[in-house]
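Single-structure report; data block below.
Number of protein chains: 2
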Amino acid sequence: MDKTQDSKSRGIRGVVPENHPRRDSILVREKLVEAMENHVVVPQGLIAHGRGECFDYIIGEKTERFAETAIENASALLITAKNPVISVNGNMASLVPAEVVRLSEIIPAKIEVNLFYRDRERELAIKKVLEDHGAKKVLGVDDTSEVIPELFSERRKVSREGIFTADVVLLGMEDGDRTEALVKMGKKVIAIDLNPLSRTSLTANVTIVDNVTRALPLLIKKVEEMKKMKEDEVQKLISNYNNKAVLREAMKFMSERLAQLSLVL
Amino acid sequence: MDKTQDSKSRGIRGVVPENHPRRDSILVREKLVEAMENHVVVPQGLIAHGRGECFDYIIGEKTERFAETAIENASALLITAKNPVISVNGNMASLVPAEVVRLSEIIPAKIEVNLFYRDRERELAIKKVLEDHGAKKVLGVDDTSEVIPELFSERRKVSREGIFTADVVLLGMEDGDRTEALVKMGKKVIAIDLNPLSRTSLTANVTIVDNVTRALPLLIKKVEEMKKMKEDEVQKLISNYNNKAVLREAMKFMSERLAQLSLVL
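For the record, the sequence lines run as chains A and B.
Mapping to our numbering: the first sequence position 228 is 228, numbers consecutive.
Positions in the second sequence are counted from 1; adding 265 to them yields our numbering.
Right, dumping it as structure tokens:
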């Protein structure tokens, strides 16, 4: 996109009144639009963000108990993994790049760029955003020699050192097909997805039904705390976890909140 | 956007497998992405579409009773109006241009381009799409000499012949501020919005909680039927309508559907 287009959208920001009741979410949207102009986010990523916004609105834009439970378990899986990998897409790189890097340092875990719509320009743009936020090594750009079985085209390409040999993969919003394929490969998949009904949410081993901008800081805090716990205590958390129960709780919460909201009418 | 970029996104279509369970909604998304490349839809329109997708998913992607009730009333208001106007934004122009034109002919109603993010290129692109689908006259492009009180900047500009003097305005997803301002001006506002909780939905006189791609064909059918009814029968429908009750029904339906869906887990 050329400079004119770029500065034109930037000008939009001034249009949103200071007292607009949805100003914050409008500004997050502008951030994603800018990321699209910088080739970090693909247009389809904007639509996916919109879906997330809707579910976030329904849960009340707060981290609820079901998400906290999932975050605790995610933390336990990540710190006990042999080769944990954080899979990064365009939306995550735009919204939480510093948190991704920080999390990768304290676990420690590898970072891999993993895109549904992969092209050279985007790979490099996302890698650069992560490096600008302190990432020392970003997989998934020039090392995607391996493929996820049962998938095809650019979507199946992964790094041998990263996702291909990972035992635990943390991912943001993801295509259901790819989540399923990763689980079939025997990996533990932790998904951050506001839609508890998505195939990714239903297929993942741990589903954090929360906004990634709230979930990642909480996950960082939990990993820091849990690092001080004994291994067997951490293992016990993992064995007691039930993802289906967490998802049911999330849906029940959303259902009750909609019922409540209808009472104000 | 240049040609290379354009054809690159077009190529994406081949990537979506024929048997992908969400293929239809992915293809609608591609249509909107293409509309963005043609300057008809603004990136924020993609995010708005995503929010709609989520609510549509929750209601089961079908027109429900609460939407039918609202469509019936919308039809009654439109055919008895003195100066009904269909307000068209980028998403409507991309998804239902032929239906907008057809509806405007049978009511008859004027068509006005009405944009949150207005610029010359977009105005003309949307006007052209509507003309390509048979619209003989499109307001809101070179005739926006009037303003909606209490709004500012480009968002307030309207046509004197159209929205400014309209008694009934049909609109798709709309900014809550503008809907409120139109209602304060004494106009009857009919909104098509999948989110029953949006300020537009709560403020409008009639809220059709349905996907615009399903609602417009049904509205066309209803207008055709109702044109044959007696004026006093049509008036009775209007006086019996209760939008709050319709919105409550929509939320109750969504709430119950989420509760049901959680049972399959």
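From the three backbone atoms N, C-alpha and C, an ideal C-beta is built for every residue, glycine too.
A quick note: this is a predicted structure, and the numbers were derived from the prediction, not measured.
So what's Ala35 of chain A in DSSP terms, helix, strand or just coil? helix
What residue range is occupied by the uninterrupted beta strand (DSSP E) comprising Glu112 of chain A? 110-113
Residue burial classification, Ala204 of chain A (beta-carbon count within 10 angstroms, cutoff 16): buried
CB-CB under 7 Å to Leu261 of chain A, same chain, minus the five flanking residues each way: which ones, in chain order? none
Closest by CA to Leu258 of chain A, which one among B:Phe381, B:Val293, B:Ala515? B:Ala515
Excluding the 5 residues preceding and the 5 following Ala332 of chain B in the sequence, name in chain order all residues of the same chain whose CB lies nearer than 7 Å to its CB. Ile473, Val474, Asp475, Ala480
Per DSSP, what are the beta-bridge partners of Thr207 of chain A in this structure? A:Ala191
Using the beta-carbon of each residue, which ones in chain A are nearer than 8 Å to Gly315 of chain B? Leu46, Ile47, Ala48, His49, Gly50, Arg51, Gly52, Glu53, Cys54
State yes or no: is the beta carbon of Glu61 of chain A nearer than 9 Å to at least one beta carbon in chain B? no
Identity of the residues DSSP links to Leu404 of chain B by a beta bridge: B:Glu377
What is the DSSP secondary structure of Pro349 of chain B, reduced to helix, strand or coil? strand
Leu32 of chain A versus Leu46 of chain A - alpha carbon distance: 7 Å
State buried or exposed for Phe417 of chain B, treating a residue as buried only when at least 16 other CB atoms are found within 10 Å of its CB. exposed
Collapsed DSSP secondary structure at Val535 of chain B in the structure displayed: There is no way to answer for residue 535 of chain B, as the model of chain B reaches only from 266 to 530.
Hey, how far is the Cα of Lys268 of chain B from the Cα of Ser201 of chain A? Confidence at Lys268 of chain B is low in this model, with a pLDDT of 36, below 50, so its placement is unreliable and the value that follows should be read with caution. If you take the alpha carbons of Lys268 of chain B and Ser201 of chain A, they lie about 37 Å apart.
Chain B partners of Lys137 of chain A, CB-CB under 8 Å? Simply none; closest approach about 28 Å.
Lys486 of chain B versus Met357 of chain B: straight-line alpha-carbon distance, rounded: 18 Å
Could you check whether the Cβ of Glu388 of chain B sits closer than 9 Å to any Cβ belonging to chain A? no
Residues of chain A with CB closer than 8 Å to the CB of Lys509 of chain B, please, in chain order. Leu265
Is the separation between the beta-carbon of Ile190 of chain A and that of Val169 of chain A shorter than 9 Å? yes
Going along chain C, which residues have a C-beta under 9 Å from Asn460 of chain B? Among the protein chains in the structure shown, which are A and B, there is no chain C.
Residues in its own chain within less than 7 Å of Phe164 of chain A by CB, not counting five upstream and five downstream? Glu146, Val158
Counting only the same chain and skipping the five closest in sequence on each side, list residues whose C-beta sits under 8 Å from that of Leu61 of chain A. Position check: residue 61 of chain A holds Glu in this sequence, whereas Leu was assumed. Correct list, in chain order: Asn211.
Quick check on the burial criterion: 16 or more other C-beta atoms within 10 angstroms. Buried or exposed for Asn19 of chain A? exposed
Helix, strand or coil: which one does DSSP assign to Leu360 of chain B? helix
Taking its Cβ as the centre, do 16 or more other Cβ atoms sit within 10 Å of Val353 of chain B, making it buried, or is it exposed? buried
According to DSSP, simplified to helix, strand and coil, what is Glu249 of chain A? helix
DSSP three-state assignment for Val366 of chain B, whether helix, strand or coil: helix
Beta-carbon gap between Gly172 of chain A and Arg122 of chain A smaller than 9 Å: no
Segment limits, alpha helix (DSSP H) that includes Val529 of chain B: Premise fails: Val529 of chain B is in no alpha helix (DSSP H) and is neither H nor E.
Provide the residue(s) that pair with Leu170 of chain A in DSSP beta bridges, ordered along the chain. A:Ile86, A:Ile190
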